[in-house]
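Take a look at the structure below.
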Amino acid sequence: MHPTFKSLEKEQLKAIEGRITGIIPSWLQGSFYRNGPGKYEVGDTKYNHLFDGLALLHKYSIRDGNVTYQNKFLKSDTYKRNMEANRIVVAGLGTVAHPDPCKTLFQRFLTYFTFNDDVVNDNCNVNIYPVGDQLFACTETHWLRRIDPETLETPGRVNISQIVATNNATAHPHYDRDGSVYNIGTCFRGRPKLTVVRWKPDPQGLYTVKVLLWKTHQIQNAELVTTIENPYYVSYTYCHSFGLTENYIVVIEQPLFINILSILTSKIRGVPFSDCFHWDKNCKSVFHIINKKTGETINPGYNYVGDPLLVFHHINAYEENGMGHVVLDICSGEDGSIFRTITRDNIDKQRFGGTSEVRPRRFVLPLNISQDVVGGNLVTLSDTTSTATLLSSNEIYCKEELLGDLCSEFPTVNYDQMNGVKYRYMYSVTFSDTGEFGHGLVKTDVQTKTTQEWTEEGCCFTEPWFVPSPNSDGEDDGVILSAVHNAQMKTYLLVLDAKTFTELGRAEFDVAPPTGFHGRFLDSDMIRGLEKE
């Protein structure tokens, strides 16, 4: 098993100094936080799915050209209950819970028929992000766990379903330039539906796209923008991320469905939550464009549709040609079975089909529609081969343009400057043709459709994060950060020049923790504004 997916035996609570090779820019001052599974075994029981491991928080502190590293398990209620029982007693996505020895026989029997907050997993192991003056770890349930940015302690949790009418939310919110935070969730009241949620800005706060110096607990100040009705009564689409432009939110209703009846009976049948997912290869993907201020659907008389696709991560979205088009860039594949195949057993055996098929793709959604062009292409942009054909059924069939030939996942852009606007550069992790996980890093020029790859023999790379240079004079003027496992089973923090895509320096550590999924860099000024324990 590659160390990226092994359990961490012992936390690194005390920050350790890294060995610096090359140069870490002196202007880079702050902390690079990461989150992801870090413990897959509890007693004699094991988590089966890659997404199930107990959350491990990472912190790379960068100051004056030096880097330190520390980690700590997120002390969720799920973690505490599992550790106390010395077995997995709270189910994961692909793992069935074992009976809790602390419960009576009657209590165990009742758990087969209840889904309350005591058994809903709060193992927030997917991402980490600030909302207002607080830092949170998140997953895709209704729970957020607050994090102390200095110590990585987890002093409390927030149930967002008690704040706004949604039963969950994605782990990939978007920040607007007015200080708002947007996210997508699901509501199960009546027919299941997607929800668009907005955390409103503090009118007394100071806002930038970096969400710097917010003065209140903004997490408590949420509103429901709108809902996206679902055509099915007992199923709903899985949504992992979405797009945000200056005026719109773009949501893809992909044909990966979760069956509610299967969920309700899963404990009785003894099957994991992942068995409740169904990929319908005969079902079209549907694109929804929502006015983010009013909640109104754009062109409600038409359905924007495309071929079946599975998308975890959006790259960027923006408006073009005087708001005449919405351009949507995503990393997607055509094999929905990947959700079930990324188990630890398959990863260990290099057997998880579909991963290497993920490519960066561009869809163009025209906003100005004329019935005079039925059967014709509504896209009038000259710099794309993406098409949108108006069909007689009032469907607009959208066909993508490939932005690059290399497999790309975990995409990032210069978020502070370019999110929601026309951009040029995307950074991502690539996989080998055989599905080798995290084979290298890729910089993609989405205008010229050219790529630059950075790789190193025997290494496993993680999600790149772009940090702009002070007073940067270009979109790619900055550095790329990535946590890497090398062939010697050690970890290092890699720093690349984003413009040339060459190494500036690295900080090596004599530890090999699992590196996780997602994270973000927060500069020192922002960290000072966050609430501590």
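At the far end of the sequence shown sits residue 532, using numbering that gives the first Met the number 0, and the numbering has no gaps. Every residue, glycine too, gets a C-beta built ideally from N, C-alpha and C.
Problem set entry | Segments of 3+ residues assigned as beta strand (DSSP E) that fall wholly inside the segment 361-436 | 386-389, 394-398, 408-411 and 424-429
Problem set entry | Whether G332 touches V363 by CB criterion (8 Å) | Residue mapping note: residue 332 aligns to position 333 of the sequence shown, counting from 1. Residue mapping note: residue 363 aligns to position 364 of the sequence shown, counting from 1. Cβ atoms of G332 and V363: not closer than 8 Å.
For this session: Taking only the alpha-carbon atoms, compute the straight-line gap between G269 and I368 and give it to the nearest angstrom.
Result: Along the sequence shown, read from residue 1 onward, the residue named residue 269 stands at position 270. Along the sequence shown, read from residue 1 onward, the residue named residue 368 stands at position 369. Roughly 50 Å between the two C-alpha positions.
Exercise. Going by the beta-carbon positions, is the gap between N34 and H517 smaller than 8 Å?
Worked result: For the purposes of this step, residue 34 is taken as residue 35 along the sequence shown, with counting starting at 1. For the purposes of this step, residue 517 is taken as residue 518 along the sequence shown, with counting starting at 1. Going by C-beta atoms, N34 is nearer than 8 Å to H517.
Exercise. In three-state DSSP terms, what is K209?
Worked result: Here residue 209 is taken as the residue at index 210 of the sequence shown, counted from 1. With a pLDDT of only 46 at K209, under the threshold of 50, the placement of this residue in the model should not be trusted, and no figure is reported.
For this session: With a threshold of 16 other CB atoms inside 10 Å of the CB of A136, please say whether the residue is buried or exposed.
Result: As a first step, residue 136 is located in the sequence shown; it is residue number 137 there, counting from the start. So A136 counts as buried.
Problem set entry | Coil, strand or helix - K38 by DSSP | For the purposes of this step, residue 38 is taken as the residue at position 39 of the sequence shown. DSSP places K38 in strand when its eight states are reduced to three.
Exercise. For R339, does the three-state DSSP call read helix, strand or coil?
Worked result: Mapped onto the sequence shown, residue 339 falls at position 340. Of the three classes helix, strand and coil, the one that applies to R339 here is helix, per DSSP.
For this session: Counting only the same chain and skipping the five closest in sequence on each side, list residues whose C-beta sits under 7 Å from that of V466.
Result: Start at 1 with the first residue of the sequence shown, and residue 466 comes out as number 467. Same-chain partners within the cutoff: L27, G477, V478, L480 and F520.
Exercise. Which whole-angstrom value describes the C-beta separation of L402 and T443, a residue pair presumed to lie in contact below a C-beta threshold of 8 Å?
Worked result: As a first step, residue 402 must be located in the sequence shown, where it is residue number 403. As a first step, residue 443 must be located in the sequence shown, where it is residue number 444. With a Cβ gap of about 6 Å, L402 and T443 count as contacting.
For this session: For C330, write down the residues that DSSP places opposite it in a beta bridge.
Result: Sequence index remark: in the sequence shown, residue 330 carries index 331 (1-based). The partner list for C330 (beta bridge, DSSP) reads H312 and P359.
For this session: Find out if the Cβ-Cβ distance for the pair P365, G300 is shorter than 8 Å.
Result: Translated into positions along the sequence shown, residue 365 becomes position 366. Translated into positions along the sequence shown, residue 300 becomes position 301. Going by C-beta atoms, P365 is not nearer than 8 Å to G300.
Exercise. For L243, which option in P271, F276, L327 and T185 has the closest C-alpha, if you only look at C-alpha atoms?
Worked result: Numbered from its first residue, the sequence shown carries residue 243 at position 244. The residue with the shortest Cα to Cα distance from L243 is L327.
Problem set entry | Buried or exposed (CB count within 10 angstroms, at least 16 for buried), E228 | The residue labelled residue 228 in the question sits at position 229 within the sequence shown. When all chains shown are included, E228 counts as exposed.
For this session: Could you have a look at D444 and say whether DSSP puts it in helix, strand or coil?
Result: For the purposes of this step, residue 444 is taken as the residue at position 445 of the sequence shown. Note: D444 maps to strand in three-state DSSP.
Exercise. Within the 8 Å Cβ cut-off, does F256 reach chain C?
Worked result: Within the model displayed, chain C is absent; a lone protein chain is all it includes.
Exercise. Is N533 helix, strand or coil by DSSP?
Worked result: With the chain covering 0 to 532 only, the question about residue 533 has no answer from this structure.
For this session: Could you check if K58 is buried or exposed, using at least 16 other CB atoms within 10 Å of its CB as the buried criterion?
Result: The residue you call residue 58 lines up with position 59 of the sequence shown. So K58 counts as buried.
Exercise. Can you give the beta carbon distance from A221 to V163, rounded, assuming they're within the 8 Å contact cut?
Worked result: Within the sequence shown, numbered from 1, the residue matching residue 221 stands at position 222. Within the sequence shown, numbered from 1, the residue matching residue 163 stands at position 164. So it is a contact: roughly 4 Å between Cβ atoms.
Exercise. Should I127 go down as buried or exposed, given a rule of 16 or more other Cβ atoms within 10 Å for buried?
Worked result: The residue labelled residue 127 in the question sits at position 128 within the sequence shown. Its Cβ being crowded by 16 or more others within 10 Å, I127 is buried.
Exercise. When the distance is taken between beta carbons, is P469 closer than 8 Å to S427?
Worked result: In the sequence shown, residue 427 corresponds to position 428, counting from 1. In the sequence shown, residue 469 corresponds to position 470, counting from 1. No; because the gap between Cβ atoms is not below 8 Å, this pair is not in contact.
Exercise. Which same chain residues, not among the five before or five after S284, have their C-beta less than 8 Å away from its C-beta?
Worked result: To locate residue 284, count along the sequence shown from 1; it is residue 285. Taken in chain order, the residues that qualify are I251, E252, Q253, P254, V304, G305, D306, P307 and L308.
For this session: Run the CB neighbour count on G155, radius 10 Å, all protein chains shown included, and call it buried at 16 or more, exposed below.
Result: On the sequence shown, residue 155 is found 156 positions in, with the first residue counted as 1. G155 comes out exposed.
Problem set entry | alpha helix (DSSP H) segment containing I259, residue limits | Locating residue 259 in the sequence shown gives position 260, counting from the first residue. Per DSSP, I259 belongs to the alpha helix (DSSP H) from I259 to R268.
Exercise. Alpha carbon to alpha carbon, how far is R80 from N122?
Worked result: Counting from 1 along the sequence shown, the entry for residue 80 is found at position 81. Counting from 1 along the sequence shown, the entry for residue 122 is found at position 123. Straight-line Cα distance between these residues: approximately 11 Å.
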